[in-house]
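Enquirer: Residues 89 to 439 in our numbering are what the sequence shown spells out, letter by letter.
C-beta atoms are modelled at their ideal positions from N, C-alpha and C, and glycine is treated no differently.
Fair warning: this is a prediction, and the values are worked out from it, not measured in the lab.
Below is the structure I would like to discuss, written out as C-alpha cells.
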Amino acid sequence: MKIGWRQVLIGVFGVPALALLVGWSGLIGVGASSGHWAVTDWFLHWVMRNSVRTAALSVTAPPLDDPALLPPAAGHYEIGCAMCHGSPVRDPVAVVPHMLPAPPDLAPVISTWTDEQLFQIVRHGVRFTGMPAWPTQVRPDEVWAMVAFLRALPNLDAARYYELSGLYQPPMEGEVDDLPLTCESCHSQRRLTSHSIVPSLAGRSEAYLLESLKAYANGQRASGIMQVAIGSLTEDTFAELARYYASQQRSQRTEVSAETELVDRGRSIAENGRAKDKIPACLSCHEKPGANPVYPKLAGLSQPYIERQLKLFVEGVRGGTSYSHLMLEVAKNLEEDDIAAVAAYFAQRDN
Ligand code: HEC
Ligand code: HEC
Ligand code: HEC
89 MKIGWRQVLI GVFGVPALAL LVGWSGLIGV GASSGHWAVT DWFLHWVMRN
139 SVRTAALSVT APPLDDPALL PPAAGHYEIG CAMCHGSPVR DPVAVVPHML
189 PAPPDLAPVI STWTDEQLFQ IVRHGVRFTG MPAWPTQVRP DEVWAMVAFL
239 RALPNLDAAR YYELSGLYQP PMEGEVDDLP LTCESCHSQR RLTSHSIVPS
289 LAGRSEAYLL ESLKAYANGQ RASGIMQVAI GSLTEDTFAE LARYYASQQR
339 SQRTEVSAET ELVDRGRSIA ENGRAKDKIP ACLSCHEKPG ANPVYPKLAG
389 LSQPYIERQL KLFVEGVRGG TSYSHLMLEV AKNLEEDDIA AVAAYFAQRD
439 N
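Right under this line is the structure:
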C-alpha cells in the first residue's frame, strides 16, 4: 500500500489528538483499589526488570563480604524500608498492602537479582511504584552496604535481625518488643569495634557533633543513613543529643592492631605533613589543645571510618560544618596509600 500525505497527517496529528481526547475524557481509571489486569501487571514488571538489567550493565560491585557493612544498613532497613517490605520481626504497616503495586516481601526475590541490579534499584528507586530512591546520589558506598544487607536478608531469623539492626529487643514475655530504633542502635559503644564504619560519638566535641547534625539535616553533609535517622528531629533535640554524646566517657579500646610501618608513615604525615605535595600536618588542626572546637578530634574513630571519610573528601563530596572547605583543601592532595597510612595512625592513637 502506498502511504500518502493524508495518512501521514492522520498519523502525526490524529493519533496524539485521540490519545489526548481519551486522557481528557476521564475514562482511564487511576484507582488502585481494583488492581491491574494480570497482563498489565506482568508487562509493567517485565519492563522494570529489563530496565534494571540494562542500567546495571555499566555497574561493577565492589567486594561486599565485610561484616561491618551490615549493622548500619540493617538499622537503615528498619527505619527506611521495613514499613513497606516487612522484616523478620514485623509485617509492613497496615496501609501498604493496598498500594499498587504492593511492595513485595523481599526475602524470596533477592536471589533473582544480581548485586549490581539490586544496587540500581536501591539507588534510583522505581518510578510510578512508590519505591523511593536513596536520599542522596553521592553516596554509592551506602547503597552497596544496603546491597550486602539485602543479600543476607533471606537467611536472617528474628534474633539475628535484632542483633544486626541494633533494635536489641530480645522479646521477653510480657514486655513491649516494639521500641523504635534509636541513635544508640547504631552508635552505642558496645556495638562499635575497630572495624566499624559507624563513627564513635562518645566524648567528641559538642560543637562538632551539633554542627554535624545540622549539616546532615540541611543536606550540607550527604548521608542517606543519617538523613533518615534524624528524620524530623528539631534543632533543640540536636543540641541535647550533642551534649549527651559529648559528655559520655569513651571506653578504652582493646583490639587495635596495625602494621608499624604504616602507622609510622601516617605519623610522619600527621606531624609534619609533606610540603612537596602541599599536604599540611594534620596535627596542626586535629587533636590540638585550644584549637577551634569544630575541628573534630579523630581519636577513637576506627580505621575504616577514617578512610571512608577521607575518600569522600578526596572525591569532593564530603560537606559538613562551615569549616569543611579547609579539609577538602587538605584532602585533595592525598594519595590512596597516604589515606591508608594516616587512617592507621589516627585509629591507634588514644587521645
Ligand atoms: C513506600 C514504600 C517503599 C519503601 C519505603 C521501600 N520500598 Fe522497595 N519497593 C516498593 C515497591 C512498591 C516495589 C515494587 C516495584 C515494582 O514492582 O516494580 C519495591 C521494590 C523493591 C525491590 C525490588 C523487588 C522486586 O523483585 O520487585 C527491592 C530490592 C527493594 N524495593 C528494596 C528496598 C529497600 C532496600 C528499601 C529501603 C532503603 C525500600 N525498598 C524501601 C516500595 C517501597
Ligand atoms: C542506622 C544507623 C544510624 C542511626 C540510627 C544513627 N546514626 Fe549517626 N551515623 C551513622 C553512620 C553510618 C554515620 C556516618 C555517616 C557519614 O558517612 O557521614 C553516622 C554519623 C553520625 C555523626 C557524625 C559523626 C562524625 O564523626 O562526623 C553524628 C554526629 C551522628 N551520626 C549522630 C547521630 C544521632 C544523634 C543519632 C540519633 C538521632 C544517629 N546518629 C542515628 C549511623 C547511624
Ligand atoms: C586546616 C585544618 C585541618 C587540617 C590541616 C586537617 N584537617 Fe581534617 N578536618 C578539618 C575540619 C575543619 C574538619 C571537619 C569538617 C566538617 O565536618 O565540617 C576535618 C575533618 C576530618 C575528618 C572527618 C572526621 C569525622 O569525624 O568525620 C578526618 C578523618 C580528617 N579531617 C582527617 C585529617 C587528616 C588525616 C589530615 C592530615 C592529612 C587532616 N585532617 C588535616 C580541618 C583540618
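1. Should Asp-48 be labelled buried (16 or more other beta-carbon atoms within 10 Å of its own) or exposed?
2. Between which two residues does the alpha helix (DSSP H) holding Ser-300 run?
3. Leaving aside the five residues before and after Leu-97 along the sequence, list all residues of the same chain whose C-beta is less than 8 Å from its C-beta, in chain order.
4. I need the DSSP call for Thr-353, collapsed to helix, strand or coil.
5. Rounding to the nearest angstrom, what Cα-Cα distance links Ala-346 and Pro-392 in this structure?
6. Rounded to the nearest angstrom, what separates Ser-288 and Ala-435 at their Cα positions?
7. State the beta-bridge partners of Met-219 as determined by DSSP.
8. Kindly identify the DSSP beta-bridge partner or partners of Ile-367.
9. Indicate whether at least one CB of chain B lies closer than 8 Å to the CB of Leu-297.
10. Is it true that the region 175 to 189 meets the region 118 to 135, where meeting means three or more beta-carbon pairs spaced less than 8 Å apart?
11. Decide if Leu-115 is buried, meaning its Cβ has at least 16 other Cβ atoms within 10 Å, or exposed.
12. Quick one: grab the DSSP three-state call for Glu-261.
13. Tell me which residues share the same chain as Ile-167 and place their Cβ nearer than 6 Å to its Cβ, disregarding the 5 neighbours each side in the sequence.
14. By a C-beta neighbour count over all protein chains shown, 10 Å radius and 16 as the cutoff for buried, is Val-177 buried or exposed?
15. Using a threshold of 7 Å, is the CB atom of Pro-287 nearer than that to any non-hydrogen atom of ligand 3?
16. Please state if the CB of Ala-379 and the CB of Ala-369 are separated by a distance shorter than 8 Å.
17. Bridge partners for Ile-175 per DSSP, in chain order?
18. Where does Thr-224 fall in DSSP's three states?
19. What are the start and end residues of the alpha helix (DSSP H) that includes Thr-128?
20. To the nearest angstrom, how far is it from the Cα of Gly-213 to the Cα of Leu-206?
21. Where does Val-418 land, buried or exposed, given buried means 16+ other C-beta within 10 angstroms?
22. Determine the direct distance from the alpha carbon of Thr-281 to that of His-374, and round the result to whole angstroms.
23. Give a single yes or no on whether Ile-313 has its beta carbon closer than 7 Å to a heavy atom of ligand 3.
24. Sorry if obvious, but does the Cβ on His-283 come closer than 7 Å to a heavy atom of ligand 1?
25. Could you check whether the region 193 to 205 touches the region 214 to 222, counting it as contact only if at least three pairs of C-beta atoms, one from each stretch, sit closer than 8 Å?
26. Could you give the C-beta distance for Arg-309 and Pro-384, rounded to a whole number, given that I count them as a contact under 8 Å?
27. In this structure, how does DSSP classify Thr-270 when only helix, strand and coil are distinguished?
28. Less than 7 Å separating the Cβ of Cys-373 from some heavy atom of ligand 2?
29. Straight-line CA distance for Gly-262 to Ala-162?
30. What three-state label does DSSP hand Ala-387 in the structure shown?
31. Taking C-beta to C-beta, are Gly-408 and Ala-327 nearer than 8 Å?
32. Taking 7 Å as the cut-off, does the CB of Gly-117 come closer than this to any heavy atom belonging to ligand 3?
33. If you count every other CB in all the chains shown that lies within 10 Å of the CB of Leu-109, and 16 or more means buried, which is it?
34. Going by the C-beta, is Thr-224 closer than 7 Å to any heavy atom of ligand 3?
35. Is the beta carbon of Ala-429 closer than 8 Å to that of Glu-395?
36. Out of Tyr-411, Arg-331, Glu-323 and Ala-233, point me to the one whose CA is closest to Ala-156's CA.
Expert: Answer, in terms of the structure:
1. Because the chain spans 89 through 439 in this model, residue 48 falls outside it and cannot be assessed.
2. 294 to 305
3. none
4. Thr is not the amino acid found at residue 353; the sequence shown has Arg there. Arg-353 falls in the helix class under three-state DSSP.
5. 12 Å
6. 11 Å
7. Val-214
8. Arg-362
9. Among the chains in the structure shown there is no chain B, since it carries only a single protein chain.
10. yes
11. exposed
12. Because Glu-261 carries a pLDDT of 49, less than 50, the predicted location of this residue cannot be relied on, and the following value inherits that uncertainty. Looking at Glu-261 - three-state DSSP - the assignment turns out to be coil, as it is neither helix nor strand.
13. Leu-269 and Val-316
14. buried
15. yes
16. no
17. Checking the sequence, you will find Ser at residue 175 rather than Ile. In the DSSP output, where bridge partners are listed per residue, Ser-175 has Arg-178.
18. coil
19. 126 to 144
20. 10 Å
21. buried
22. 22 Å
23. no
24. no
25. no
26. Not confirmed; about 12 Å, so no contact.
27. coil
28. no
29. Here Gly-262 scores only 49 on pLDDT, less than 50, and its place in the model is too uncertain to base an answer on.
30. coil
31. no
32. no
33. exposed
34. no
35. no
36. Ala-233
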